[in-house]
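J.: The structure under discussion is supplied below as structure tokens; questions concerning it will follow.
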Amino acid sequence: MKLITAIVKPFKVDEIREALSDLGIQGMTLTEVKGFGRQKGHTELYRGAEYAVDFLPKIRIELAIPDEQLQSVLEAIQSSARTGRIGDGKIFVQPLDHVIRIRTGECDEQAL
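In the UniProt record's numbering, the protein residues as written are 1 to 112.
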């Protein structure tokens with residue numbers, strides 16, 4: 001099993017969710033986060049004054065999947081999150097040792 005964490009632009013979330021749903025992914029966790037990478041923020045104008053926005057709003061998507069779905073899930077996230085401009089985000093993949101569904105006690109892939 002793998003734990004996938006994707007940091008993406010907020011307006012791409014619906015497109016990503018639809019692409020993952022088409023693959024049969026039944027659940028994910030979304031968190032509103034702020035951060036910066038190479039983009040290093042941007043400047044905005046507010047009431048005539050310019051100020052720097054160092055941390056940009058992003059969405060963190062986390063989902064646990066069986067190993068055999070890894071490649072198709074990565075491709076779905078990557079293709080639906082891509083705008084071609086700086087700040088599109090990152091995808092992190094980590095091994096997932098153990099999962100337990102609290103309600104039923106099911107473990108590992110049965111719990112996904």
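Just so it is clear, CB atoms sit at the ideal spot from N, CA and C, and this is done for glycine as well. These numbers were taken from a predicted model, which means no experiment stands behind them.
#1: Put Pro66 into one of helix, strand or coil per three-state DSSP.
#2: Given this structure, state the Cα-to-Cα distance separating Thr29 from Arg17, to the nearest angstrom.
#3: Measure the C-alpha to C-alpha separation of Ala49 and Thr31 and round it to an integer number of angstroms.
#4: From what residue to what residue does the beta strand (DSSP E) around Leu20 run?
#5: For Gln94, count the other beta carbons within 10 Å of its own beta carbon; 16 or more makes it buried, fewer makes it exposed. Which is it?
#6: On a Cα-Cα basis, can you pick out the residue from Phe55, Gly87, Gly89 and Leu63 that is closest to Cys99?
#7: Which of the three DSSP states, helix, strand or coil, is assigned to Ile91?
#8: So, Arg82 versus Thr5, is the Cβ gap smaller than 8 Å?
#9: Quick one: give me the first and last residue of the beta strand (DSSP E) that Ala6 is part of.
T.: Checking against the coordinates, here is how it stands:
#1: As a first step, residue 66 is located in the sequence shown; it is residue number 66 there, counting from the start. In the structure shown, the three-state DSSP call for Pro66 is coil.
#2: To locate residue 29, count along the sequence shown from 1; it is residue 29. To locate residue 17, count along the sequence shown from 1; it is residue 17. The straight-line gap from Cα to Cα measures roughly 11 Å.
#3: Position 49 of the sequence shown, counted from the start, is the residue given in the question as residue 49. Position 31 of the sequence shown, counted from the start, is the residue given in the question as residue 31. So the two alpha carbons sit approximately 31 Å from each other.
#4: In the sequence shown, the residue the question calls residue 20 occupies position 20. Segment Val13 to Asp22 is the alpha helix (DSSP H) holding Leu20; no beta strand (DSSP E) there.
#5: Reading the sequence shown from its first residue, position 94 is the one you call residue 94. Gln94 should be labelled exposed.
#6: On the sequence shown, position 99 is the one that residue 99 refers to. The sequence given here places Val at residue 99; Cys does not occur at that position. The candidate whose alpha carbon is nearest that of Val99 is Leu63.
#7: Within the sequence shown, numbered from 1, the residue matching residue 91 stands at position 91. If DSSP states are grouped into helix, strand and coil, Ile91 belongs with the strands.
#8: The residue you call residue 82 lines up with position 82 of the sequence shown. The residue you call residue 5 lines up with position 5 of the sequence shown. Their beta carbons are not under 8 Å apart, which means Arg82 does not touch Thr5 by this criterion.
#9: Here residue 6 corresponds to residue number 6 of the sequence shown, with the count starting at 1. Here the beta strand (DSSP E) through Ala6 covers Lys2 to Val8.
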